[in-house]
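Enquirer: Residue numbers (my numbering): 2 to 256.
For each residue, glycine too, the CB sits at the ideal point set by N, CA and C.
This is the structure I have questions about; it appears just below.
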Ligand code: 13P
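Here is the structure:
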């Protein structure tokens, strides 16, 4: 049985003071929700403060990026050794990193490897662009991204994959639950072939892209979808809490 997983990707939003206020707003209610793994991914500069605030809570922390070397002359980069002291998860290969910062599949693969070697759990993001979707290339693209992203990596069930169609991110145009579930099943099959069936069955695969409290049910009511990577809606305490609450209710009923 895979434990449902909801992560909030705050992207480049909130100063350290704002981040603490936002966590204070949601902490008590979010902490009480059982049966869902809850993770917040704030900007790097807030990880220290929030790791202290969340220390004795059930809410986990993740970073939004990381470099693939552990130390050295890489001005401005952040190493897995630095993150490991502060959080358990790291988002890797987000489409905004791929498109705005030219991260290739090879770079993402190196990051996934280094994260795992250093006991950080990657949330590997994959997803097709609009024109790829419209020309029927979705499966080809996600298959390439998963295969390249996991190239040379030993099977590990702690990995989380987030399927985030680029056209659904920040646009208010979410995929349909059915569409997302079909692609996620396809991704699980790719992992099964690449690694093995057992590990593929244990890996959590999330949907991401314009998820809100109003549409979360559409996604997590599909057994193939293990949760969501939430962007914009995770910056609102009430919204994020209610997304997690709905997930606990619906996945709890399905048990
Ligand atoms: P939105 O929920 O704002 O569409 O962002 C999704 C996302 O990119 C999460 O990583």
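1. Check whether the Cβ atoms of residue 82 and residue 134 sit closer than 8 Å, and answer yes or no.
2. Starting from residue 231, trace the beta strand (DSSP E) both ways and give me its first and last residue.
3. Touching or not, the stretch 165-174 and the stretch 190-202, by the rule of three or more beta carbon pairs under 8 Å?
4. For residue 23, which beta-bridge partners are listed by DSSP?
5. If I'm right that residue 231 touches residue 10 with Cβ under 8 Å, what's the distance once you round it to whole angstroms?
6. Pull up the DSSP beta-bridge partners for residue 90, would you.
7. In the DSSP output, what is residue 220 paired with across the bridge?
8. Looking at the secondary structure, which residues open and close the beta strand (DSSP E) in which residue 6 lies?
9. Could you say if the stretch 106-114 and the stretch 202-214 meet the contact criterion of at least three C-beta pairs nearer than 8 Å?
10. If residue 187 sits next to residue 142, beta carbons under 8 Å apart, how far is it from one beta carbon to the other, in whole angstroms?
11. Determine the contact status of residue 161 and residue 205, defining contact as a CB-CB distance below 8 Å.
12. Does any heavy atom of ligand 1 sit closer than 7 Å to the C-beta of residue 38?
13. Just the Cα atoms here: how many angstroms apart are residue 180 and residue 74?
14. When burial is assigned at 16 or more other CB atoms within 10 Å of the CB, is residue 62 buried or exposed?
15. Using the C-alpha atoms, what's the distance from residue 200 back to residue 20?
16. Which of the three DSSP states is assigned to residue 157 in this structure?
17. Helix, strand or coil, according to DSSP, for residue 127 in the structure here?
18. Could you work out which residue in 238, 236, 219 is closest to residue 248 when comparing CA atoms only?
19. Identify, in the order they occur along the chain, each residue of the same chain with its Cβ nearer than 7 Å to the Cβ of residue 78, setting aside the five sequence neighbours on each side.
20. Can you say whether residue 242 is buried or exposed, counting buried as having 16 or more other CB atoms within 10 angstroms of its CB?
21. Taking only three categories from DSSP, how would you classify residue 238?
22. With hydrogens ignored, establish whether the beta-carbon of residue 234 is closer than 7 Å to any heavy atom of ligand 1.
Expert: In short, the structure shows the following:
1. Taking the first residue of the chain shown as 1, we reach residue 82 at position 81. Taking the first residue of the chain shown as 1, we reach residue 134 at position 133. Against a cut-off of 8 Å, the Cβ pair of residue 134 and residue 82 comes out as no contact.
2. Taking the chain shown and counting its residues from 1, the one referred to as residue 231 is at position 230. Counting along the chain, the beta strand (DSSP E) containing residue 231 begins and ends at 228-231.
3. no
4. Numbered from 1 along the chain shown, position 22 holds the residue referred to as residue 23. Answer is none; residue 23 lacks a bridge partner.
5. Here residue 231 refers to the residue found at position 230 of the chain shown. Here residue 10 refers to the residue found at position 9 of the chain shown. Rounded, the Cβ-Cβ distance is 7 Å, consistent with contact.
6. Stepping through the chain shown from its first residue, residue 90 is reached at position 89. Bridge partners of residue 90: 63, 122.
7. By 1-based counting over the chain shown, the position of residue 220 is 219. Partner(s): none; residue 220 has no beta bridge.
8. Mapped onto the chain shown, residue 6 falls at position 5. It spans 6-10 - the beta strand (DSSP E) in which residue 6 sits, taken as one unbroken run.
9. no
10. For the purposes of this step, residue 187 is identified with residue 186 of the chain shown, where counting begins at 1. For the purposes of this step, residue 142 is identified with residue 141 of the chain shown, where counting begins at 1. Incorrect: roughly 11 Å between the Cβ atoms, too far for contact.
11. Taking the chain shown and counting its residues from 1, the one referred to as residue 161 is at position 160. Taking the chain shown and counting its residues from 1, the one referred to as residue 205 is at position 204. Contact: yes.
12. What you label residue 38 is simply residue 37 of the chain shown in a count that begins at 1. The answer is no for residue 38.
13. Reading the chain shown from its first residue, position 179 is the one you call residue 180. Reading the chain shown from its first residue, position 73 is the one you call residue 74. Answer to the nearest angstrom: the Cα atoms are 44 Å apart.
14. By 1-based counting over the chain shown, the position of residue 62 is 61. Residue 62 should be labelled buried.
15. Here residue 20 refers to the residue found at position 19 when the chain shown is read from its first residue. Here residue 200 refers to the residue found at position 199 when the chain shown is read from its first residue. Cα to Cα, the separation comes out at about 35 Å.
16. What you label residue 157 is simply residue 156 of the chain shown in a count that begins at 1. Reduced to three states, the DSSP call for residue 157 is coil.
17. Within the chain shown, the letter at position 126 stands for residue 127. In this structure, residue 127 counts as strand in the three-state DSSP scheme.
18. One-based indexing of the chain shown puts residue 248 at position 247. Selected option, being the one with the closest Cα: 219.
19. Within the chain shown, residue 78 is the residue found at index 77, counting from 1. 68, listed in sequence order.
20. Counting from 1 along the chain shown, the entry for residue 242 is found at position 241. Buried.
21. Reading the chain shown from its first residue, position 237 is the one you call residue 238. Helix, per DSSP.
22. Counting from one through the chain shown, the residue named residue 234 turns up at place 233. At least one heavy atom of ligand 1 is nearer than 7 Å to the Cβ of residue 234, so yes.
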